[in-house]
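Protein chains: 2
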Amino acid sequence: MRLLLVEDSVPLADELMASLTRQGYAVDWLADGRDAAYQGAVEPYDLIVLDLGLPGRSGLDVLKEWRAQGLSTPVLILTARSGWAERIDGLKAGADDYLTKPFHPEELSLRIQGLLRRARGLVNQPTLQAAGLSLDESRQCVSRGNESIELTSAEFRLLRYFMLHAGQILSKGHLGEHLYDGESERDSNVIEVHVNHLRRKLGRDIIETRRGQGYRFGTSA
Amino acid sequence: MRLLLVEDSVPLADELMASLTRQGYAVDWLADGRDAAYQGAVEPYDLIVLDLGLPGRSGLDVLKEWRAQGLSTPVLILTARSGWAERIDGLKAGADDYLTKPFHPEELSLRIQGLLRRARGLVNQPTLQAAGLSLDESRQCVSRGNESIELTSAEFRLLRYFMLHAGQILSKGHLGEHLYDGESERDSNVIEVHVNHLRRKLGRDIIETRRGQGYRFGTSA
DNA sequence: ATATGAGATTAAGGCTGAATTAAGCCTGGC
DNA sequence: GCCAGGCTTAATTCAGCCTTAATCTCATAT
Numbered sequence: 001m002r003l004l005l006v007e008d009s010v011p012l013a014d015e016l017m018a019s020l021t022r023q024g025y026a027v028d029w030l031a032d033g034r035d036a037a038y039q040g041a042v043e044p045y046d047l048i049v050l051d052l053g054l055p056g057r058s059g060l061d062v063l064k065e066w067r068a069q070g071l072s073t074p075v076l077i078l079t080a081r082s083g084w085a086e087r088i089d090g091l092k093a094g095a096d097d098y099l100t101k102p103f104h105p106e107e108l109s110l111r112i113q114g115l116l117r118r119a120r121g122l123v124n125q126p127t128l129q130a131a132g133l134s135l136d137e138s139r140q141c142v143s144r145g146n147e148s149i150e151l152t153s154a155e156f157r158l159l160r161y162f163m164l165h166a167g168q169i170l171s172k173g174h175l176g177e178h179l180y181d182g183e184s185e186r187d188s189n190v191i192e193v194h195v196n197h198l199r200r201k202l203g204r205d206i207i208e209t210r211r212g213q214g215y216r217f218g219t220s221a
Numbered sequence: 001m002r003l004l005l006v007e008d009s010v011p012l013a014d015e016l017m018a019s020l021t022r023q024g025y026a027v028d029w030l031a032d033g034r035d036a037a038y039q040g041a042v043e044p045y046d047l048i049v050l051d052l053g054l055p056g057r058s059g060l061d062v063l064k065e066w067r068a069q070g071l072s073t074p075v076l077i078l079t080a081r082s083g084w085a086e087r088i089d090g091l092k093a094g095a096d097d098y099l100t101k102p103f104h105p106e107e108l109s110l111r112i113q114g115l116l117r118r119a120r121g122l123v124n125q126p127t128l129q130a131a132g133l134s135l136d137e138s139r140q141c142v143s144r145g146n147e148s149i150e151l152t153s154a155e156f157r158l159l160r161y162f163m164l165h166a167g168q169i170l171s172k173g174h175l176g177e178h179l180y181d182g183e184s185e186r187d188s189n190v191i192e193v194h195v196n197h198l199r200r201k202l203g204r205d206i207i208e209t210r211r212g213q214g215y216r217f218g219t220s221a
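Protein sequences, first through last, are from chains Z and F.
Heads up: the first sequence begins at 1 in full-length UniProt numbering, then just goes up one per residue.
Heads up: the second sequence begins at 1 in full-length UniProt numbering, then just goes up one per residue.
Structural data, given as C-alpha cells:
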C-alpha cells in the first residue's frame with residue numbers, strides 16, 4: 001500500500017512517516033505543493049494525505065487539479081483550522097476524508113484503513129476479510145477459523161494488498177509499485193519470494209499464478 | 001491486435017511497451033516522426049498511439065498526412081500540454097482520442113480498449129460480447145453464462161480479435177499480420193493450432209473454416 | 001473414385017518466466 | 001556493540017506455453 005504524504009511541517013511529517021511505516025505503508029513524503037501536484041499525478045499511489053497549508057501551491061488547488069485530470073486516488077485532507085466552511089470546501093474539491101490538527105497518529109491510520117477499504121468497495125467491514133481469511137491490521141497477523149497465523153511485515157504488506165484486491169490479476173511490476181516507495185529498486189524477485197512464503201503459510205492455492213500476467217489471490221475456493 | 005507506438009521518450013516508451021504487451025497487444029515502437037509517417041501508412045495497424053512532440057516531424061503533421069492519404073486507423077494522441085486549443089487542433093487533424101501527460105498506463109489501456117471497440121461499431125458495451133461469450137479483458141478470460149473459461153495469452157489474443165470481427169471471414173495471413181508484431185515470422189501453422197485450442201475450449205462450431213479463404217467466428221448460433 | 005492440397009491434430013522441443021533454496025546484509029533489540 | 005530474525009539478492013531448478021513439425025483427415029475437383 002503506497003501513500004503520498006504532503007506536509008510541510010518537518011517534525012509532524014517525521015512523526016507521521018514513522019507511524020505509517022510501522023503500519024506497513026510505503027510512504028513518499030513531499031513538502032512542496034508544486035512537487036506534489038506532479039508526483040501525485042504520475043506515481044500510482046493508493047492514497048494521498050494532503051495538508052492544506054503548503055508552500056508553493058495551496059493544497060486545495062492541487063487537489064482540484066488532480067480531480068480535473070481524472071485522478072481517483074482517495075485523498076485525506078489535514079488542516080489546522082476546524083471551521084465548517086473549510087471542511088465543505090475540501091469535500092467539494094474532491095477530498096474523501098478530513099482530519100483537523102491536532103490529532104493522534106493512530107487516528108490517521110484508522111482513517112486510512114477505512115478509506116482504503118471504502119475505495120475498494122468494502123463497506124462496513126470492521127476487519128478485512130477475503131478467501132476465508134481475516135486480517136488483523138493492528139496485530140499484523142491473519143486468522144482462518146480460530147487458528148491465528150503470524151506474518152512477517154513483508155508478508156503482511158503483500159497479503160493486505162492481495163486481500164484488498166481479491167480476484168484481480170496483479171502483475172509483479174504492479175505489486176512492486178504499490179508495495180515499495182519511490183526510493184526502492186525494481187529489478188529483483190522479492191515479490192516471488194514473499195508470494196512463496198505466503199503460499200507456505202496459507203496454502204499452495206491461495207495465490208494463483210497467471211504466467212506472463214501476474215498473480216491472482218482468492219479465486220480457488 | 002497490432003499497435004504502433006510513436007514516442008521519443010525511451011523510459012516512457014519502455015513502460016508503455018511493457019504494459020501494452022502484458023495486455024496482449026503486439027506493439028511496434030518508433031521514436032522518429034518520419035519513420036512513423038511511412039510505417040503507419042504501410043503496415044496494417046489496428047490502432048496508433050502518437051506523441052505530438054517528436055523529433056523528425058511534428059506528430060500533428062504526420063497525422064494530417066495519414067488522413068489525407070485516406071488512412072482510417074484509429075489514432076490516440078499523447079501530449080504534454082493540456083490546453084483546449086491543442087486538443088481541438090488534434091481532433092481537427094483527425095485524432096480519435098486524446099490523453100495528456102502525465103497519465104497512468106492503465107488509463108491508456110482503457111482508452112485503447114474503448115477506441116478499438118468504437119472503431120468496430122460496438123458502442124456502449126462495457127465488456128466485449130459476441131456469440132454468447134463475454135470477454136473479460138482485465139482478467140484475460142471468457143465466460144459463457146456463469147461458467148468462466150481460462151485462456152492462455154495466445155488464445156486470448158486470437159479470441160479478442162475474432163470477437164471484435166465477429167461474422168467476418170479472416171484469412172490466416174490477415175490474422176498473422178494483426179496478431180504478431182513486425183519482428184515475427186509468418187510461415188507456420190500457429191494460427192491453426194490456436195484456433196484448434198479455442199475450438200476445444202469453446203466448442204467445435206465457434207469458429208467456422210472457409211476452406212481456402214479463412215476462418216469465421218460466431219455465425220453458427 | 002481418386003488425387004491433391006488445405007486444414008486438423010498431436011506430440012516434442014525450446015524458451016521464457018516462475019519457484020525454490022541458500023547465503024549475505026541490514027535492522028532493531030538487548 | 002553484539003546477536004537474531006527477516007528482507008533481499010542471486011543462482012539454480014522447475015514448469016507452462018508457444019511454436020514447430022510430422023502425420024492424419026477431409027473437401028474439392030478432375
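Think of the CB as a built atom: it goes at the ideal place given N, C-alpha and C, for glycine as much as any other residue.
Worksheet item: Whose CA, out of Z:Arg-160, Z:Leu-78, Z:Glu-183 and Z:Gly-53, lies closest to the CA of Z:Arg-111?
Response: Z:Leu-78
Worksheet item: Where F:Ala-221 and F:Ala-166 are concerned, what is the direct C-alpha to C-alpha distance, given to the nearest angstrom?
Response: No answer about F:Ala-221 holds up, because its pLDDT of 49 lies below 50 and its placement is not dependable.
Worksheet item: What's the C-alpha gap between F:Gln-113 and F:Tyr-161?
Response: 12 Å
Worksheet item: Can you give the beta carbon distance from F:Pro-55 to F:Gly-33, rounded, assuming they're within the 8 Å contact cut?
Response: 7 Å
Discussion item. Buried or exposed, going by whether 16 or more other CB atoms sit within 10 Å of the CB of Z:Gly-218?
Written reply: buried
Worksheet item: Smallest Cα separation from Z:Arg-216: which of Z:Asp-14, Z:Leu-164, Z:Pro-105 and Z:Glu-183?
Response: Z:Leu-164
Fill in: Nearest-angstrom Cβ-Cβ length linking residue 262 of chain F and F:Leu-99, presumed shorter than 8 Å
Nothing about residue 262 of chain F can be read from this structure; chain F reaches only from 1 to 221.
Practice prompt. Give a yes or no on whether 8 Å exceeds the smallest Cβ distance from F:Arg-160 to chain Z.
Written response: no
Item to complete: For the region 82–138 of chain Z, list the beta strand (DSSP E) runs that are entirely contained and at least 3 residues long, ordered along the chain.
Response: 97–100, 128–130 and 133–136
Worksheet item: Is it true that the region 179–197 of chain Z meets the region 126–137 of chain F, where meeting means three or more beta-carbon pairs spaced less than 8 Å apart?
Response: no
Fill in: is_contact[F:Ala-221, chain Z] using C-beta, thresh 8 Å
Its pLDDT being 49, under 50, F:Ala-221 is placed unreliably by the model, and the measurement read from it follows with that caveat. Cβ-Cβ to chain Z under 8 Å: no for F:Ala-221.
Worksheet item: Counting contacts by CB-CB distance shorter than 8 Å, is F:His-104 in contact with chain Z?
Response: yes
Item to complete: Kindly confirm or deny that the region 177–193 of chain F and the region 125–134 of chain F touch, where touching means at least three C-beta pairs closer than 8 Å.
Response: no
Worksheet item: Would you say Z:Pro-44 faces chain F, with C-beta separation under 8 Å as the test?
Response: yes
Discussion item. Helix, strand or coil, according to DSSP, for Z:Arg-144 in the structure here?
Written reply: strand
Item to complete: Using only the heavy atoms of the ligand SAM, determine whether one of them is closer than 7 Å to the beta carbon of F:Ile-191.
Response: This structure does not include the ligand SAM; it has no bound ligands of any sort.
Discussion item. So if I threshold CB-CB distances at 8 Å, which residues from the region 3–27 of chain F count as touching chain Z?
Written reply: Ala-18 and Arg-22
Worksheet item: In chain Z, which residues lie with their C-beta within 8 Å of the C-beta of F:Gln-140?
Response: Ile-169, Arg-210 and Gln-213
Practice prompt. Leaving out five residues on either side along the sequence, give the residues of the same chain with a beta carbon under 6 Å from the beta carbon of F:Leu-158.
Written response: His-194
Fill in: is_contact[Z:Ala-41, chain F] using C-beta, thresh 8 Å
yes
Discussion item. So the candidates are F:Glu-107, F:Ile-206 and F:Lys-172; which of them puts its Cα closest to the Cα of F:Gly-212?
Written reply: F:Lys-172
Item to complete: Helix, strand or coil for F:Tyr-215, going by three-state DSSP, please let me know.
Response: strand
Item to complete: Answer with yes or no whether the minimum CB distance from F:Ser-153 to chain Z is below 8 Å.
Response: yes
Worksheet item: Smallest Cα separation from Z:Arg-117: which of Z:Pro-105, Z:His-104, Z:Pro-102 and Z:Asp-97?
Response: Z:Asp-97
Worksheet entry | Beta-carbon proximity list for F:Glu-208, same chain, < 8 Å, skipping 5 on both sides | Tyr-215, Arg-216, Phe-217, Thr-219 and Ser-220
Worksheet entry | Runs of alpha helix (DSSP H) lying entirely within the region 150–211 of chain F, each at least 4 residues, in chain order | 153–164, 172–179 and 190–202
Worksheet item: CA-CA distance, Z:Asp-14 and Z:Asp-89?
Response: 28 Å
Worksheet item: Does DSSP put Z:Asp-32 in a helix, in a strand, or in coil?
Response: coil
Fill in: Rounded straight-line distance, which links the Cα of F:Pro-102 to that of Z:Tyr-45
14 Å
Worksheet item: Is there at least one Cβ from chain F nearer than 8 Å to Z:Gly-94's Cβ?
Response: no
Practice prompt. In the DSSP assignment, find the unbroken beta strand (DSSP E) run with F:Asp-46 in it and report its ends.
Written response: It is not in any beta strand (DSSP E) - F:Asp-46 carries neither H nor E in the DSSP assignment.
Worksheet item: Are the C-beta atoms of Z:Gly-218 and some chain F residue less than 8 Å apart?
Response: no
Worksheet item: What number of angstroms, rounded off, separates the C-alpha of F:Ser-109 from the C-alpha of F:Ala-31?
Response: 20 Å
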